[in-house]
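Every letter in the sequence shown is one number past the one before it in numbering that gives the first Met the number 0, and letter 204, counting from 1, is 203. Note that beta-carbon positions come from the ideal geometry of N, C-alpha and C, so glycine has one too.
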Amino acid sequence: MHRASTPVRALALVAAMLLFFTAGGGALAVADDYLSREVLPTGAEVAGVDVAGLSREAARELIAREVAEPLAEPLEVVYGDRTFTLDAATLITVDVEAMVDAAFEPHALAALPRRVVDRTLDRPSGARADVALALDEAGVAAWIDDVAVSVDTEPVDATMTVDVNRLVVVPSEAGESVDRQATAERLRAALFAGEKRVELAVDLTAPAVTESDLGPAIIVDLSERRLYLYDEGDLFKTYGVAVGTPSHPTPRGDFEITLKRYMPTWSNPGSAWAADMPKTIGPGPSNPLGTRALNINSPGIRIHGTSADYSIGTAASHGCMRMHRWDIEDLYERVEVGTPVYIVR
Numbered sequence: 000m001h002r003a004s005t006p007v008r009a010l011a012l013v014a015a016m017l018l019f020f021t022a023g024g025g026a027l028a029v030a031d032d033y034l035s036r037e038v039l040p041t042g043a044e045v046a047g048v049d050v051a052g053l054s055r056e057a058a059r060e061l062i063a064r065e066v067a068e069p070l071a072e073p074l075e076v077v078y079g080d081r082t083f084t085l086d087a088a089t090l091i092t093v094d095v096e097a098m099v100d101a102a103f104e105p106h107a108l109a110a111l112p113r114r115v116v117d118r119t120l121d122r123p124s125g126a127r128a129d130v131a132l133a134l135d136e137a138g139v140a141a142w143i144d145d146v147a148v149s150v151d152t153e154p155v156d157a158t159m160t161v162d163v164n165r166l167v168v169v170p171s172e173a174g175e176s177v178d179r180q181a182t183a184e185r186l187r188a189a190l191f192a193g194e195k196r197v198e199l200a201v202d203l204t205a206p207a208v209t210e211s212d213l214g215p216a217i218i219v220d221l222s223e224r225r226l227y228l229y230d231e232g233d234l235f236k237t238y239g240v241a242v243g244t245p246s247h248p249t250p251r252g253d254f255e256i257t258l259k260r261y262m263p264t265w266s267n268p269g270s271a272w273a274a275d276m277p278k279t280i281g282p283g284p285s286n287p288l289g290t291r292a293l294n295i296n297s298p299g300i301r302i303h304g305t306s307a308d309y310s311i312g313t314a315a316s317h318g319c320m321r322m323h324r325w326d327i328e329d330l331y332e333r334v335e336v337g338t339p340v341y342i343v344r
């Protein structure tokens, strides 16, 4: 808006004051003030939109179009590759009337002489009004709850399973939980500022067991007569074994090591095949368990050493899994109680 030069403005001020204080000047000033009572003064802004020189009605129409309508447009809330749409129009109420009134208020409250001088000198007397917006907080919270239903997940621990004769690791996954307070604060700020894209605030919960926590696992393939040692899901080492005979088969299933035995003593199980054997056999060359044994949670079944190296690779035991002495001693150092043992065919 063009403004008069300082000398001209000063002259106009003097003339205005003379007009006001001379006979009839007050009446003219009152009439002039009355005629401009609904015109927004210089300096009047609403949410950054210049409304100076507009009538109240024109200003309301402009602010409704330039401020209120954009604020009510949908807002996108993103998380990763997912996008949720918030219908802002259902959650906010923009008070256009209040904003226009706030921009006009300083001028309207000024004394008549001050208003006359401000108009004469085109001096800014309007205010810069901020957005007047009422937010449905309960509606925002309900919307966040709906989003959380499709986002919130519990953490998943890494686990191991067997696919035919191969160990498969089911990877761990972090749990996800919408941070309701932080998300509400982000939405509130965006709705007041007119932003149309917000990042959903999500907390991650680490799983109790990750792939690195899995440790060793054993698969015994009865048909191959091989023992496979895995570590953290990867094949680490392979050993030859002897397995049970058809009349004394090695049980199939999922087991775990329950006891590690160093230089074990063999105890007679009382079975028919052991009827002619002593009650116990201590550590030494004639011990059927060799120098190491790993009990599993299947009665009488063990992974153990043997002096009958010729039997490795055959079905020769009474259900146990035999290994060369050097192999069981190596395996013994690599596993602990609790190590899973999967026996498959």
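- With distances taken between CA atoms, L221 lies nearest to A314 out of A314, A183 and L293.
- Cα atoms of L190 and L203: separation of roughly 26 Å, rounded to the nearest angstrom.
- Taking every protein chain shown into account, the CB of G42 has 16 or more other CB atoms within 10 angstroms, so this residue is buried.
- For T182, there is no enclosing beta strand (DSSP E); the enclosing alpha helix (DSSP H) has its first and last residue at R179 to A192.
- Around the beta-carbon of D86, fewer than 16 other beta-carbon atoms lie within 10 Å, marking it exposed.
- In this structure, DSSP gives A141 a helical state, which the three-state scheme calls helix.
- No Cβ-Cβ contact shorter than 8 Å links S297 with G243.
- Here DSSP, grouped into helix, strand and coil, assigns R122 to coil.
- In this structure, the beta-carbon distance from G193 to E210 does not fall below 8 Å.
- The C-alpha of I280 lies about 43 Å from the C-alpha of D156.
- In the DSSP assignment, V334 falls outside any alpha helix (DSSP H) and carries neither an H nor an E.
- Using a 10 angstroms sphere on the CB of T119, the tally of other CB atoms reaches 16 or more, which defines it as buried.
- Given a length threshold of 3 residues, each whole run of the beta strand (DSSP E) inside the stretch 35-123 is given here in chain order: 74-78, 81-85 and 91-93.
- Comparing alpha carbon positions, the residue from N294, V161 and I311 closest to E335 is N294.
- When secondary structure is reduced to three states using DSSP, A147 falls in the helix class.
- In the three-state reduction of the DSSP assignment, I300 falls in the coil class.
- Contact annotation: G318 and E255 have beta-carbon atoms that are not nearer than 8 Å.
- For V340, the uninterrupted beta strand (DSSP E) run begins and ends at P339 to V343, by DSSP.
- P250 and P154 have their alpha carbons spaced roughly 34 Å apart.
- Between V150 and V76 the beta-carbon gap is near 10 Å, outside 8 Å, which marks them as no contact.
- Bounds of the beta strand (DSSP E) holding S316 are A314 to S316.
- In the three-state reduction of the DSSP assignment, A200 falls in the coil class.
- Bounds of any beta strand (DSSP E) do not take in E153, whose DSSP letter is neither H nor E.
- By the C-beta density criterion, G304 is buried, having at least 16 other C-beta atoms within 10 angstroms.
- The continuous stretches of beta strand (DSSP E) do not include P245, and DSSP gives it neither H nor E.
- Taking a contact as a CB-CB distance under 8 Å, the pair G289 and S306 counts as one, their CB atoms being some 7 Å apart.
- A distance below 6 Å between beta-carbons, with the five flanking residues on each side excluded, links L53 to the following residues of its chain, in chain order: L39.
- In terms of Cα proximity to F83, the closest of R333, I302, V197 and Y341 is V197.
- In the structure shown, D233 falls within a strand segment according to DSSP collapsed to helix, strand and coil.
- Judged by their CB atoms, R333 and R291 are not nearer to each other than the 8 Å cut-off.
- A direct Cα-Cα distance of roughly 17 Å separates A181 from G79.
- According to the DSSP secondary-structure assignment, T160 is paired through a beta bridge with V167.
- In terms of CA proximity to F103, G125 leads the group V177, G125 and V48.
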